[in-house]
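In what follows, a structure is listed as structure tokens, so that the remarks can point back to it.
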Amino acid sequence: LFGPTKLPIDRVLQLPVDAFETIRLIDYEGKDQEMAAVSMGVARTTVQRLYSQARKIIGKAIVEGAHIEIQGGEYVLNRTSSPKDCGFVRSDHTHKVVAIAIAEQDVAEHFGKSKAFWLCRYEEGVLKRKDIILPDPEANMACRHYMQSLLVQTIIAGGMGEQALKRYHADGFEVLHGAGDPAEVLKQYEAGALKPLSESDIKTNCHGKDGDCEHDEAYDPCCHEQIEEDDDCGGTC
Numbered sequence: 001l002f003g004p005t006k007l008p009i010d011r012v013l014q015l016p017v018d019a020f021e022t023i024r025l026i027d028y029e030g031k032d033q034e035m036a037a038v039s040m041g042v043a044r045t046t047v048q049r050l051y052s053q054a055r056k057i058i059g060k061a062i063v064e065g066a067h068i069e070i071q072g073g074e075y076v077l078n079r080t081s082s083p084k085d086c087g088f089v090r091s092d093h094t095h096k097v098v099a100i101a102i103a104e105q106d107v108a109e110h111f112g113k114s115k116a117f118w119l120c121r122y123e124e125g126v127l128k129r130k131d132i133i134l135p136d137p138e139a140n141m142a143c144r145h146y147m148q149s150l151l152v153q154t155i156i157a158g159g160m161g162e163q164a165l166k167r168y169h170a171d172g173f174e175v176l177h178g179a180g181d182p183a184e185v186l187k188q189y190e191a192g193a194l195k196p197l198s199e200s201d202i203k204t205n206c207h208g209k210d211g212d213c214e215h216d217e218a219y220d221p222c223c224h225e226q227i228e229e230d231d232d233c234g235g236t237c
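So the sequence shown is residues 1 to 237, counted in our numbering.
Spelled out as structure tokens, the structure:
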């Protein structure tokens, strides 16, 4: 319950959880409405409606000295275990989100080297929307928590570090192998022709300008994700 401390709690306005989430994403995290829609798994028009509703409720509470209680709305808790990324998403079990890692216009040979993603949203097996997600300076795009914030369930890439692959599998992600033109790879995915990423596809070495590079043993050599005993990202996500 939020409100003036010196006034009696004689009037309480309810702020739906999904409406509050738009305030958190847009006003607190600084995302635009498009990115907020991606994070919540809804249309941009839905975010606009919820955001307008939330601001009206908050403004009314401030002007009239009412208290605010955050409850209700349509949502399920995000899968992520990180408090920072513990957002809310609308409940809809008919959707599936597929992320195709992109580098130099093709499917990225190495997931950790991705420069962008195709974010493909399916509803009852039909592709409803395809967005291009460009690098976010505030996020590690190859991080599990970032993928979770986009509601991704399936990842398609040419390769991935062994430790990263194990951790994605442990978090319930489906990881498939794809190569070449992403449009063709998407068709292969829809036809069920893509195979799960196997050990033969795993890239266990990074290749810098001199052909190799060294890493601290505390990092996965491919996705550069810090490995902690408590299975957290150690702040890198």
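All C-beta atoms, glycine included, are put in the ideal place defined by N, C-alpha and C. This structure is a prediction, so every number in the text was calculated from the model and none was measured.
Segment limits, beta strand (DSSP E) that includes R129: In the DSSP assignment, R129 falls within the unbroken beta strand (DSSP E) covering V126 to I133.
Neighbourhood of E214 by C-beta distance below 8 Å, restricted to the same chain and skipping five residues each side: Legend: pLDDT at E214 = 35, less than 50; position of this residue unreliable, value from coordinates given subsequently. For E214, there are no CB contacts under 8 Å within the same chain when 5 residues up- and downstream are skipped.
From which residue to which residue does the alpha helix (DSSP H) around V47 run? It spans R44 to E64 - the alpha helix (DSSP H) in which V47 sits, taken as one unbroken run.
With T22 as the anchor, note down where its alpha helix (DSSP H) starts and where it stops. Per DSSP, the unbroken alpha helix (DSSP H) holding T22 starts and ends at V17 to I23.
Express the C-alpha separation of F173 and S198 in angstroms, rounding to a whole number. Their Cα atoms are separated by approximately 14 Å.
Measure the C-alpha to C-alpha separation of Q14 and K96 and round it to an integer number of angstroms. Spanning the two alpha carbons is a distance of roughly 31 Å.
Rounded C-alpha distance that separates I58 from I68: The C-alpha of I58 lies about 8 Å from the C-alpha of I68.
In DSSP terms, what F2 is bridged to: Under DSSP, F2 takes part in a beta bridge, and its partners are I68.
What is the DSSP secondary structure of G148, counted as helix, strand or coil? The residue you asked about is not Gly; residue 148 is Gln in the sequence shown. Looking at Q148 - three-state DSSP - the assignment turns out to be helix.
Cutoff 6 Å; reference I9; Cβ partners in own chain excluding five residues on either side: So the list reads H67, once near-sequence residues are dropped.
Can you tell me where the beta strand (DSSP E) holding K166 begins and where it ends? Run containing K166: none in the beta strand (DSSP E); it sits in the alpha helix (DSSP H), E162 to A170.
Which one or two residues does DSSP pair with L119 in a beta bridge? Partner(s): A99 and D131.
Could you tell me whether the segment 185–192 touches the segment 141–151, using the rule of 3 or more Cβ pairs below 8 Å? The segment 185–192 vs the segment 141–151: no contact.
Taking 8 Å as the threshold (C-beta atoms), are I100 and F111 in contact? Against a cut-off of 8 Å, the Cβ pair of I100 and F111 comes out as no contact.
For my contact list, A54 and F20 are in at a C-beta cut-off of 8 Å; report their separation, rounded to the angstrom. So it is a contact: roughly 6 Å between Cβ atoms.
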